[in-house]
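K.L.:
In the UniProt record's numbering, the protein residues as written are 1 to 431.
Shown next as structure tokens:
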């Protein structure tokens, strides 16, 4: 798998990698949206006009030189002037993404800005969000109203009746901001379908940020036997699969697998999940971390689960679009939708925000063989199991159940499998 390296990779290759991811994630259309990167010479590399986003190649990317000369076999995006305007007013911004992702467009057409305090990492990833009044696409006026917002210091703007535009220190930073904003918007829309979204205070978000386990001592010597390397491969495959299926976003998500006894491997913090490499994964052995790496904020919780529950050998902590609707509204999900859902999950209780912080016992006291998953309010869903693939399967089943319930909310009231039917399932599959 090729890693996005914004320091050494040519801007053409960076742009084609990210536009492909945006398109395949359903966050833009064949003709919609544009991306640019400004290099150290002041030249701007930008997606072309009217070229299929699903088949874009590096050779299709257009260069607008610092002197205004245009080089390439296509015309640059008709909206490249507002990219130039952003770079002029904010020299520290080196990449810009503009697109029409469905949830953010929903906010733009009702003329609202999504409140990113709905999940813990979004405030710091997205920062303050500006709002640009409507202007004709491709016009100088559009560039002016967008630049006016960026001059206020924001790195993200809702474009009225249009979409969104975000900037970043590099393309990875811009993409993470873009994806996280859209996820917040989608979560708020889904949550509003089943209940009333609730928000985190700034103090709660600061508590979340302070969970990074920087003080976990480092090992002096590390070994990487074959079984350890095999676990790294498992974790990478599942993380990438989760990202591809929309079950994890780049700014949040943790996967761990028990190695032996209470030693385990876990994903790191501050690494884009969709771009994770084998070397990024962190070994935790005898309570110490692999040197030079910072494991997930939730490392303590994973460590305690493995200590207390010998039957649990893998854990996934993530944010998914429909389970998060239940997380941000504190609504109880009823998994008695179809037989598979109840057999796999039986119950998914909600626990308060902060229950996954170091020293908290709520989740540890809630998990059991009959309760393999919990929803952490305004944070995530935690799923446990034996083999990692089986744990991932539980996550998929839970998300499908949440999606069916959310979609069904507009049709009528859920009629769950009744107690007698549940008992029949228990005897046949769990007895």
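For glycine and all other residues, C-beta sits at the position ideal for the given N, C-alpha and C.
As the structure is a computational prediction, the values presented were derived from the model and not from experiment.
According to DSSP, is residue 344 helix, strand or coil?
P.N.:
Three-state DSSP puts residue 344 in a helix.
K.L.:
What residues in its chain sit with their C-beta under 6 Å from that of residue 417, if we drop five residues either side in the sequence?
P.N.:
Answer for residue 417: 336, listed in chain order.
K.L.:
From which residue to which residue does the beta strand (DSSP E) around residue 403 run?
P.N.:
Here residue 403 belongs to no beta strand (DSSP E); instead the alpha helix (DSSP H) covers 388–408.
K.L.:
Rank 155, 234, 107, 217 by C-alpha distance to the C-alpha of residue 287 and give the top, closest one.
P.N.:
It is 217 whose Cα lies nearest to the Cα of residue 287.
K.L.:
From this set, 149, 26, 112, 139, which residue's C-alpha is nearest residue 161's C-alpha?
P.N.:
Closest option to residue 161, Cα to Cα, is 112.
K.L.:
Beta-carbon within less than 6 Å of residue 344's beta-carbon, same chain only, minus the 5 sequence neighbours each way: which residues are those?
P.N.:
Counting only Cβ-Cβ distances below 6 Å, and skipping sequence neighbours, we find 394, 397.
K.L.:
What ranges does the alpha helix (DSSP H) occupy inside the region 106–181, keeping only unbroken runs of at least 4 residues that lie completely in it?
P.N.:
Here the runs fully enclosed are 122–126, 140–150.
K.L.:
Can you check which of these residues, 362, 149, 176, 73, is closest to residue 121 by C-alpha distance?
P.N.:
It is 176.
K.L.:
Cα separation between residue 264 and residue 303?
P.N.:
Each residue's alpha carbon lies about 8 Å from the other.
K.L.:
Mapping the DSSP letters down to three states, classify residue 270 as helix, strand or coil.
P.N.:
Residue 270 falls in the coil class under three-state DSSP.
K.L.:
Measure the C-alpha to C-alpha separation of residue 125 and residue 247 and round it to an integer number of angstroms.
P.N.:
Computed Cα separation, rounded: 19 Å.
K.L.:
Between residue 189 and the rest of its own chain, which residues show a CB-CB distance below 8 Å, the 5 nearest in sequence each way excluded?
P.N.:
103, 106.
K.L.:
With a floor of 3 residues, list each beta strand (DSSP E) that falls wholly inside the region 177–231, ordered by position along the chain.
P.N.:
Correct list: empty.
K.L.:
Which of the three DSSP states is assigned to residue 85 in this structure?
P.N.:
Three-state DSSP puts residue 85 in a helix.
K.L.:
Less than 8 Å between the beta carbons of residue 200 and residue 313, yes or no?
P.N.:
Going by C-beta atoms, residue 200 is not nearer than 8 Å to residue 313.
K.L.:
Report yes if the C-beta distance between residue 489 and residue 16 is below 8 Å; otherwise report no.
P.N.:
Shown here, the chain extends from 1 to 431; a query on residue 489 therefore has no answer.
K.L.:
Pair every Cβ in the region 381–390 with every Cβ in the region 308–324, then say whether three or more of these pairs are closer than 8 Å.
P.N.:
Yes: at least three Cβ pairs fall under 8 Å.
K.L.:
Tell me the DSSP bridge mates of residue 300?
P.N.:
DSSP, once it has assigned bridges, lists no residue as partnering residue 300.
K.L.:
Taking DSSP as the reference, what is the three-state secondary structure of residue 1?
P.N.:
Caution is warranted here: a pLDDT of 48 is assigned to residue 1, below 50, making its placement in the model unreliable, and the coordinate value is therefore given only provisionally. In this structure, residue 1 counts as coil in the three-state DSSP scheme.
K.L.:
Please list the segments of the beta strand (DSSP E) lying wholly inside the region 33–75, counting only runs of 3 or more residues, in order along the chain.
P.N.:
Segments of the beta strand (DSSP E) lying fully in the region 33–75: 34–38, 44–46, 62–64.
K.L.:
Here's a check: name, in chain order, each residue in its chain whose Cβ is nearer than 7 Å to the Cβ of residue 115, leaving out the five neighbours to either side.
P.N.:
Contacts found: 199.
K.L.:
Does the pairing of the region 81–95 with the region 36–47 give three or more beta-carbon distances under 8 Å?
P.N.:
Touching, per the Cβ criterion.
K.L.:
Please classify residue 67: is it buried, with 16 or more other beta-carbons within 10 angstroms of its beta-carbon, or exposed?
P.N.:
Per the 10 Å Cβ criterion, exposed.
K.L.:
Which runs of the alpha helix (DSSP H), 4 residues or longer, sit entirely within the region 343–381?
P.N.:
Whole alpha helix (DSSP H) segments, 4+ residues: 362–366.
K.L.:
Relative to the alpha-carbon of residue 328, which residue among 196, 356, 146, 253 has its alpha-carbon at the smallest distance?
P.N.:
For the residues 196, 356, 146, 253, the minimum Cα distance to residue 328 belongs to 196.
K.L.:
Measuring CB to CB, does residue 14 end up less than 8 Å from residue 4?
P.N.:
The answer is yes: Cβ separation under 8 Å.
K.L.:
Taking only the alpha-carbon atoms, compute the straight-line gap between residue 430 and residue 424 and give it to the nearest angstrom.
P.N.:
Spanning the two alpha carbons is a distance of roughly 10 Å.
K.L.:
Just reading off the beta strand (DSSP E) that residue 97 is part of, what are its end residues?
P.N.:
Counting along the chain, the beta strand (DSSP E) containing residue 97 begins and ends at 95–99.
K.L.:
Locate the alpha helix (DSSP H) running through residue 12, then write down its first and last residues.
P.N.:
Note, residue 12: alpha helix (DSSP H), 11–24.
K.L.:
Please classify residue 289: does DSSP put it in a helix, a strand, or coil?
P.N.:
Note: residue 289 maps to strand in three-state DSSP.
K.L.:
Buried or exposed: where does residue 310 fall if 16 or more other Cβ atoms within 10 Å of its Cβ makes it buried?
P.N.:
Under this definition residue 310 is an exposed residue.
K.L.:
What are the start and end residues of the beta strand (DSSP E) that includes residue 257?
P.N.:
Start and end: 254–260.
K.L.:
If you draw a straight line from the C-alpha of residue 368 to the C-alpha of residue 185, how long is it?
P.N.:
Looking at the two C-alpha atoms, the distance is approximately 33 Å.
K.L.:
For residue 282, does the three-state DSSP call read helix, strand or coil?
P.N.:
Strand, per DSSP.
K.L.:
Starting from residue 329, trace the alpha helix (DSSP H) both ways and give me its first and last residue.
P.N.:
Note, residue 329: alpha helix (DSSP H), 323–329.
K.L.:
Determine the extent of the beta strand (DSSP E) in which residue 317 is found, giving its start and end residues.
P.N.:
Unbroken beta strand (DSSP E) run through residue 317: 314–318.
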